[in-house]
Each structure stands twice: as structure tokens, then as C-alpha cells.
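First the structure, in the form of C-alpha cells, and then the observations on it.
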Amino acid sequence: MLVGLLALTVTAAFAGAAIYVSVAEQPARLRLDDRALLQEWQPSYKRGAAMQASIAIVACVLGAVAWWQTGNLAYLVGAVLIILPWPWTLIAMMPTNRLLEAMDADATNPKARALIVKWGNLHLVRVALGVLAALAFLWGSV
8 MLVGLLALTV
18 TAAFAGAAIY
28 VSVAEQPARL
38 RLDDRALLQE
48 WQPSYKRGAA
58 MQASIAIVAC
68 VLGAVAWWQT
78 GNLAYLVGAV
88 LIILPWPWTL
98 IAMMPTNRLL
108 EAMDADATNP
118 KARALIVKWG
128 NLHLVRVALG
138 VLAALAFLWG
148 SV
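Residues 8 to 149 in this note's numbering are what the sequence shown lists, from first letter to last.
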């Protein structure tokens with residue numbers, strides 16, 4: 008089933024990007040001083056959010072189409088799991104995101120580090136959802 012494999016591929020891209028942020032980018036940015044840390048996080052988050060949000064929508068639609076075409080529940084599970092980062096971000100992460108986005112990146116702000124650490128921990132939920140969605144699509148594809 009081509010649509011199911013496309014859903015798996017797009018979801019794997021989402022999961023890979025989320026994993027990269029957690030295992031490479033976040034630890035690297037936390038080595039920066041407080042001012043540089045915020046200067047790196049702000050544009051990085053904007054770019055990453057746009058990319059991952061788009062990928063999640065495409066993967067969800069592909070998963071829903073695969074479920075509709077095959078009736079395989081695994082595709083529906085994957086479609087739900089890959090779209091769940093949207094409400095997670097809007098409900099759980101947005102207060103932290105807004106505080107970080109409102110900070111002046113040219114000034115040293117001692118609260119930025121603690122908020123970015125918190126953001127990284129919250130981001131792990133998106134990693135888990137992406138990996139679980141990829142596993143669901145893989146299950147549906149076998």
C-alpha cells in the first residue's frame with residue numbers, strides 16, 4: 008500500500024527531526040551562555056515548529072487515507088498519534104514557548120536557561136509521539 012508507506016516515511020522524518028532536536032541540538036544549545044542560548048533557541052524554534060507542524064499534518068492525512076483505503080486500524084492509530092503533537096504543543100508547551108519568544112534575545116535573562124531546559128523536557132513527548140506513530144505505520148505496512 009503506497010499511501011501507507013508514504014505515511015510511514017513522512018512520519019519517520021518527523022520522528023527523526025524530533026530525535027535530532029533532543030539528542031543533538033538541545034544538548035549543544037545548553038552549552039551556550041544564557042544570552043547566546045536564547046539567541047539560538049528563538050529562530051531555531053520558529054523554523055522547527057513550521058517544519059514539524061507541516062510534516063505532522065501531511066503524515067496524518069496520509070495515515071487517514073491509508074486507513075480509509077485498507078480499513079487497517081494501525082493506520083488510524085498512526086494518524087492520531089502523529090497529529091497529537093499539535094494539541095500537546097498548543098496546550099502544554101505554548102506557555103513556555105510564549106515566555107521564551109517574548110524575551111529580549113540581546114539581553115542576558117537568567118530565566119531563559121530554566122525555561123529552555125523545561126522546553127526540552129516537554130519536547131520529549133513529541134519525540135515519543137512521533138516514534139509511536141512511525142511504529143504504528145510500520146505495523147500497518149507489514
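We treat Cβ as the ideally placed atom computed from N, Cα and C, and that holds for glycine. Note that the coordinates shown come from a computational prediction; the quantities given were computed from them, not determined experimentally.
(message) In whole angstroms, give me the CA-to-CA distance for Leu37 and Val132.
(response) Here residue 37 refers to the residue found at position 30 of the sequence shown. Here residue 132 refers to the residue found at position 125 of the sequence shown. Each residue's Cα considered, the two are about 19 Å apart.
(request) Would you decide whether Tyr82 is buried or exposed? Buried here means 16 or more other CB atoms lie within 10 Å of its CB. (result) To locate residue 82, count along the sequence shown from 1; it is residue 75. Counting Cβ neighbours within 10 Å, Tyr82 comes out buried, since at least 16 surround it.
(request) Could you check what DSSP says for Asp41 in three-state terms: helix, strand or coil? (result) Sequence index remark: in the sequence shown, residue 41 carries index 34 (1-based). Helix, per DSSP.
(request) Can you grab the Cα-Cα spacing for the pair His130 / Ala25, in whole Å? (result) Here the question's residue 130 lines up with position 123 in the sequence shown. Here the question's residue 25 lines up with position 18 in the sequence shown. C-alpha separation (whole angstroms): 8 Å.
(request) Would you mind reading off the limits of the alpha helix (DSSP H) that contains Ala35? (result) Along the sequence shown, read from residue 1 onward, the residue named residue 35 stands at position 28. Ala35 -> alpha helix (DSSP H) spans 33–36.
(message) Quick check: Gly70 and Ala14, are their CB atoms within less than 8 Å of each other?
(response) Start at 1 with the first residue of the sequence shown, and residue 70 comes out as number 63. Start at 1 with the first residue of the sequence shown, and residue 14 comes out as number 7. Yes, Cβ-Cβ distance for Gly70 and Ala14 is below 8 Å.
(request) Go through its chain and collect everything with a Cβ distance to Lys53's Cβ below 7 Å, but skip five positions before and after it. (result) Translated into positions along the sequence shown, residue 53 becomes position 46. Around Lys53: no qualifying Cβ.
(request) In angstroms with no decimal places, state the Cα-to-Cα distance between Pro94 and Leu39. (result) Taking the sequence shown and counting its residues from 1, one reaches residue 94 at position 87. Taking the sequence shown and counting its residues from 1, one reaches residue 39 at position 32. Each residue's Cα considered, the two are about 30 Å apart.
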